[in-house]
Amino acid sequence: MRTSGCTSAAGVAARYVVSYRCQEEPVNRLEIDWTRCDGHGLCATLLPDDVVLDEWGFPVLRGREITPGELTNARRAVLACPALALRLEAAAKTDS
Ligand code: SF4
140 MRTSGCTSAA GVAARYVVSY RCQEEPVNRL EIDWTRCDGH GLCATLLPDD VVLDEWGFPV
200 LRGREITPGE LTNARRAVLA CPALALRLEA AAKTDS
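The sequence shown begins at 140 in my numbering and counts up one residue at a time.
Now the structure itself:
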């Protein structure tokens, strides 16, 4: 018999739990530590779909989800940030 692969916290197979809902995969989003960011703008160059610069050269995040296919480039940008201000955060997906 095939199951959905979901198990409850107690380890009960999902087929026996009527109202059980699989936990969503977390989504990755970029975050900036404003206490560190010096406005070098490198992140906007490396991730033009996710970051634009404001009129003073500081990054403005578009706030969209980083897809699995974009994770490698996003991680490279995080590592390249000269101020260690850029980071990837995994957050629970919201149903809105
Ligand atoms: S690369 Fe880092 S320091 Fe430069 S603007 Fe982006 S977050 Fe700020």
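Note that CB positions come from ideal geometry on N, CA and C, so glycine has one too.
If you're wondering where the values come from, they're calculated on a predicted model, not measured in any experiment.
Looking only at DSSP bridge pairs, what is residue i linked to?
i, result
"P198", "L192"
"A231", "Answer by DSSP bridge pairing: none, since A231 is not bridged."
"R168", "E228"
For residue i, which option in the options has the closest C-alpha, if you only look at C-alpha atoms?
i, options, result
"N167", "V191, G196, C182 and T211", "T211"
"T174", "R215, A216, R226 and P207", "R226"
"L185", "A231, A229, R215 and G208", "R215"
"L169", "E163, C182 and G208", "C182"
"H179", "P187, P198 and E209", "P198"
"A224", "P187, E164, D172 and V191", "D172"
"E209", "W195, D189 and G196", "D189"
8 Å is my cut-off, CB to CB: does residue i come that close to chain D?
i, result
"I205", "Note that chain D does not occur in the displayed structure, where there is just one protein chain."
Pop quiz: residue i and residue j are said to be a contact at Cβ under 8 Å. What is the actual Cβ separation, rounded to whole angstroms?
i, j, result
"E163", "A231", "6 Å"
"A229", "P165", "4 Å"
Is it the case that the stretch 195 to 202 contacts the stretch 214 to 222, given that we only count it when at least three CB pairs across the two stretches are under 8 Å?
Cβ pair count under 8 Å is below three, so no.
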